[in-house]
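A.B. asks:
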Amino acid sequence: MVMTAHVKPLTDFTARDFRMLIDGAWTEGAGNVIERVAPGHGVTVSRYPAGTKADAGRAIAAARHAFDDGSWPRMTGAERSNILLKAADIIAARADDLAFLDCIESGKPISQAKGELAGAADIWRYAAALARDLHGESYNTLGQGTLGVVLREAIGVVSIITPWNFPFLIVSQKLPFALAAGCTAVVKPSELTSGSTLVLGEILIEAGVPAGVVNILTGTGPEVGSVMTTHPDVDMVSFTGSTGVGRLTMANAAQTLKKVSLELGGKNPQIVFPEADLDAFVDAAVFGAYFNAGECCNAGSRLILHRSIAGEVTARIAELSKKVKVGDPLDPATQVGAIITPQHLEKIGGYVDGAAKAGASVALGGAALDLGLGQFMAPTILSGVTPDMAVAREEVFGPVLSVLTFETTDEAVRIANAIDYGLSAGVWSRDFDTCLTIGRRVRAGTVWMNTFMDGASELPFGGYRQSGLGRELGRHAVEDYTETKTFNMHIGARTGWWMQR
Ligand code: NDP
């Protein structure tokens with residue numbers, strides 16, 4: 018049995034009514050209202066306007082005007098940097114309120130939401146530093162008569178579309194870098210978790226971001242997001258979400274050849290050799306599987322264990338999994354919170370049933386948990402999984418761990434790469450050569466060695482194959498939001514080949 022605690026009803030709580038931010042003004046829009054029911058508490062916690070295509074058009078026009086005629090792209094890097102630093106300070110000061118919103122709207126544990134807010138504030142500071150370092154190149158080697166200068170210019174209006182699983186953190190992996198470059202933006206958070214992104218709008222106004230530079234729309238992807246990805250006045254789309262909608266986003270953006278940055282799904286392997294520090298690994302396996310209830314693109318959802326240790330290690334992971342605290346997202350002791358929607362809980366259950374029918378064994382959990390309110394899933398371990406099963410190839414996005422086994426290094430690499438995704442991977446061995454060999458051969462954007470899911474603002478993040486296009490974070494993150502312009506300059510008397518002078 019896993020450790021569970023019943024959910025306390027939300028008392029002394031009034032649902033919050035939010036508005037959208039278009040051209041510096043808060044608006045209710047012309048559409049209906051979206052009600053967000055807290056996944057861990059079963060009551061309405063937020064209401065947002067259901068933005069329309071017309072609202073999206075107005076937001077894009079405001080961003081276009083702010084880019085073409087406004088002050089933001091024309092400020093010095095230092096001026097933009099100072100505003101981003103101020104925003105970071107306000108984010109840190111309002112972190113508790115933002116974390117509370119992310120916690121009740123997404124169902125993630127409050128302690129984790131606070132950690133994400135601290136990470137997000139750090140990213141805003143990092144982007145502020147990069148704003149002052151954006152620079153191009155010069156070529157003084159092209160001959161006596163030529164000087165070449167390569168400029169970096171802000172790309173223009175950026176549509177930013179984010180998912181529900183890390184609401185504030187993911188918008189922070191995009192927006193501050195776009196702003197650092199001098200871009201203007203239209204942002205659409207998930208309709209399930211829009212609250213903290215709307216509060217970010219208040220923060221940016223207070224920090225001094227001019228009207229129209231950041232516009233925040235609420236509403237559904239098909240209504241609002243489709244305009245954001247097709248409108249000719251948008252120059253770039255930065256999207257995080259599922260691979261299916263990512264593919265659609267790319268096709269939409271192709272109509273006007275927009276630049277596209279995509280952070281998509283993952284089915285991340287952790288490959289474990291017998292000589293690994295198994296105490297450390299067991300801990301990381303449990304964290305990697307159940308962090309954010311497994312609703313995480315980076316979840317270590319696929320263990321590939323050396324056959325000689327598979328039985329013992331699976332049993333140890335199952336024992337530790339029983340100690341994971343599943344319960345009220347607002348309880349500071351909770352480690353696994355609620356599942357985002359009842360429909361998603363059903364989808365997770367479907368994967369578990371499908372794996373059992375295909376021959377896998379349920380070593381732990383396997384069913385939903387009734388904690389009195391909301392929807393929860395038991396930490397689940399499936400052993401005897403084979404690479405052909407859906408649970409080994411597709412993103413379950415729930416607290417479900419699949420255990421596969423290998424005999425040789427070649428076989429481990431083959432299993433690890435036998436999927437469409439390539440976001441991240443882990444390798445566990447005390448042998449340095451083994452770690453580096455696996456690190457080179459696994460096709461993934463991040464490879465953790467003897468650790469899992471650590472991150473830093475300095476380290477680029479993104480996927481190979483159908484896990485995405487482009488990288489976020491890291492020192493080149495601002496460049497992603499720029500165009501390159503070449504100045505080819507002539508010095509001295511001109512010579513022409515087409516006529517004699
Ligand atoms: P979705 O792809 O369903 O949605 C992501 C965003 O796209 C939402 O804001 C959604 O709006 C919007 N959207 C939906 N349809 C369209 C459309 N036709 N045009 C434009 N935008 C649209 O993903 P989820 O929100 O379900 O998030 C989970 C997914 O995100 C997982 O696959 C996960 O792996 C991935 N992810 C990837 C990360 C990475 O960095 N690689 C990080 C975190 C998550 P709405 O839902 O409001 O209608």
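Numbers 18 to 518, taken from my numbering, label the letters of the sequence shown in order.
Positions of the beta carbon are idealized from the N, C-alpha and C atoms, including for glycine.
#1: Report the option in G439, A73, L453 whose CA atom is closest to the CA atom of G480.
#2: Who are E489's beta bridge partners in DSSP?
#3: Bridge partners for S255 per DSSP, in chain order?
#4: Can you tell me the Cβ-Cβ gap for M20 and V379, rounded? I've got them flagged as a contact below 8 Å.
#5: Smallest Cα separation from G282: which of A270, T235, G258?
#6: At a cut-off of 8 Å, would you count E428 as near the ligand NDP, judging by its Cβ distance to the nearest heavy atom?
#7: Closer than 8 Å is the cut-off here; do at least three beta carbon pairs connect the stretch 43-63 with the stretch 349-359?
#8: Could you say which of K131, A148, H152, T158 lies nearest to H507 if we only look at CA atoms?
#9: I want to know whether the stretch 234-248 touches the stretch 138-158 - three or more CB-CB distances under 8 Å.
#10: Measuring alpha carbon to alpha carbon, tell me which residue in G376, V413, A137 is nearest M394.
#11: Since A148 and A109 are thought to touch, with beta carbons under 8 Å apart, how far apart are those beta carbons, to the nearest angstrom?
#12: Should the stretch 319-331 be regarded as contacting the stretch 414-421, the criterion being three or more beta carbon pairs within less than 8 Å?
#13: In terms of DSSP beta bridges, what is H323 paired with?
#14: Straight-line CA distance for V174 to I77?
#15: Taking buried to mean at least 16 other C-beta atoms within 10 Å of its own C-beta, is K374 buried or exposed?
#16: Hey, would you say the C-beta of T214 is under 8 Å away from at least one heavy atom of the ligand NDP?
#17: Starting from the Cα of H248, find the closest Cα among V230, A270, V231, E292 and give me that residue.
#18: Extract the residue ranges of the alpha helix (DSSP H) inside the stretch 177-240, only unbroken runs of 4 or more that lie entirely within it.
#19: With a threshold of 16 other CB atoms inside 10 Å of the CB of V50, please say whether the residue is buried or exposed.
#20: In terms of DSSP beta bridges, what is P66 paired with?
#21: Less than 8 Å between C-beta atoms, sequence neighbours within five positions excluded: which residues of the same chain meet that for H493?
#22: Can you tell me whether Y307 is buried or exposed, with buried defined as 16 or more other CB within 10 angstroms of its CB?
#23: What three-state label does DSSP hand P56 in the structure shown?
#24: Quick check on D471: buried or exposed, where buried means 16 or more other Cβ atoms within 10 Å of its Cβ?
#25: Looking only at its chain, what residues have a beta carbon closer than 6 Å to the beta carbon of S207, apart from the 5 residues adjacent to it on each side?
#26: Does DSSP put R111 in a helix, in a strand, or in coil?
#27: Excluding the 5 residues flanking V167 on each side, which residues of the same chain have their C-beta closer than 8 Å to its C-beta?
#28: Along the chain, where does the alpha helix (DSSP H) containing C359 start, and where does it finish?
#29: Mind checking N407: buried by the 16 CB within 10 Å criterion, or exposed?
#30: Please report the residue range of the alpha helix (DSSP H) in which M267 lies.
#31: Is the beta carbon of W181 within less than 8 Å of some heavy atom of the ligand NDP?
#32: Indicate whether the contact test is met: 3 or more Cβ pairs, each with one atom in the stretch 92-99 and one in the stretch 427-445, closer than 8 Å.
#33: Are the CB atoms of Y368 and V303 nearer to each other than 9 Å?
#34: Taking A293 as the reference, which of K284, F194, M466 has the closest Cα?
C.D. replies: Quick look at the numbers:
#1: By one-based count along the sequence shown, residue 480 stands at place 463. Nearest C-alpha to G480: G439.
#2: By one-based count along the sequence shown, residue 489 stands at place 472. According to DSSP, E489 bridges with F478.
#3: Mapped onto the sequence shown, residue 255 falls at position 238. Its beta-bridge partners are I177, S278.
#4: Walking along the sequence shown from the start, residue 20 turns up at place 3. Walking along the sequence shown from the start, residue 379 turns up at place 362. Rounded, the Cβ-Cβ distance is 18 Å, inconsistent with contact.
#5: The count along the sequence shown starts at 1 and reaches residue 282 at position 265. Minimum Cα distance to G282 is reached at G258.
#6: In the sequence shown, residue 428 corresponds to position 411, counting from 1. Result no, Cβ not under 8 Å from the ligand NDP.
#7: yes
#8: Translated into positions along the sequence shown, residue 507 becomes position 490. Considering only alpha carbons, the answer is T158.
#9: no
#10: As a first step, residue 394 is located in the sequence shown; it is residue number 377 there, counting from the start. For M394, the nearest C-alpha among the options comes from V413.
#11: Here residue 148 corresponds to residue number 131 of the sequence shown, with the count starting at 1. Here residue 109 corresponds to residue number 92 of the sequence shown, with the count starting at 1. Not really, about 18 Å apart at Cβ, beyond 8 Å.
#12: yes
#13: Start at 1 with the first residue of the sequence shown, and residue 323 comes out as number 306. Paired residue(s): F423.
#14: Against the sequence shown, residue 174 aligns to sequence position 157. Against the sequence shown, residue 77 aligns to sequence position 60. Those two C-alpha atoms are separated by around 8 Å.
#15: Here residue 374 is taken as the residue at index 357 of the sequence shown, counted from 1. By the 10 Å Cβ count, K374 comes out exposed.
#16: Within the sequence shown, residue 214 is the residue found at index 197, counting from 1. Checking the Cβ of T214 against the ligand NDP gives no.
#17: On the sequence shown, residue 248 is found 231 positions in, with the first residue counted as 1. Minimum Cα distance to H248 is reached at A270.
#18: 184-189, 192-198, 212-224
#19: Taking the sequence shown and counting its residues from 1, one reaches residue 50 at position 33. Result: exposed.
#20: For the purposes of this step, residue 66 is taken as the residue at position 49 of the sequence shown. Per DSSP, V50.
#21: Residue 493 sits at position 476 when you count from the first residue of the sequence shown. Correct list, in chain order: P477.
#22: Position 290 of the sequence shown, counted from the first residue, corresponds to residue 307. By the 10 Å Cβ count, Y307 comes out buried.
#23: Counting from 1 along the sequence shown, the entry for residue 56 is found at position 39. DSSP places P56 in coil when its eight states are reduced to three.
#24: Looking up residue 471 in the sequence shown gives position 454. Exposed, by the Cβ-count rule.
#25: Position 190 of the sequence shown, counted from the first residue, corresponds to residue 207. Result list for S207: P180, W181, in chain order.
#26: Stepping through the sequence shown from its first residue, residue 111 is reached at position 94. Three-state DSSP puts R111 in coil, outside helix and strand.
#27: The sequence position of residue 167 within the sequence shown is 150, counting from 1. So the qualifying residues of the chain are G153, E154, S155, Y156, T501, K502, T503, F504.
#28: Walking along the sequence shown from the start, residue 359 turns up at place 342. Per the sequence presented here, residue 359 reads as Pro, with Cys not at that position. Counting along the chain, the alpha helix (DSSP H) containing P359 begins and ends at 359-374.
#29: Position 390 of the sequence shown, counted from the first residue, corresponds to residue 407. The displayed chain sequence assigns Ala, not Asn, to residue 407. When all chains shown are included, A407 counts as exposed.
#30: For the purposes of this step, residue 267 is taken as the residue at position 250 of the sequence shown. M267 -> alpha helix (DSSP H) spans 260-271.
#31: Against the sequence shown, residue 181 aligns to sequence position 164. Yes, since a heavy atom of the ligand NDP falls inside the 8 Å radius drawn around the Cβ of W181.
#32: no
#33: Translated into positions along the sequence shown, residue 368 becomes position 351. Translated into positions along the sequence shown, residue 303 becomes position 286. Not a contact, by the Cβ cut-off of 9 Å.
#34: For the purposes of this step, residue 293 is taken as residue 276 along the sequence shown, with counting starting at 1. When each option's Cα is compared against that of A293, the closest is M466.
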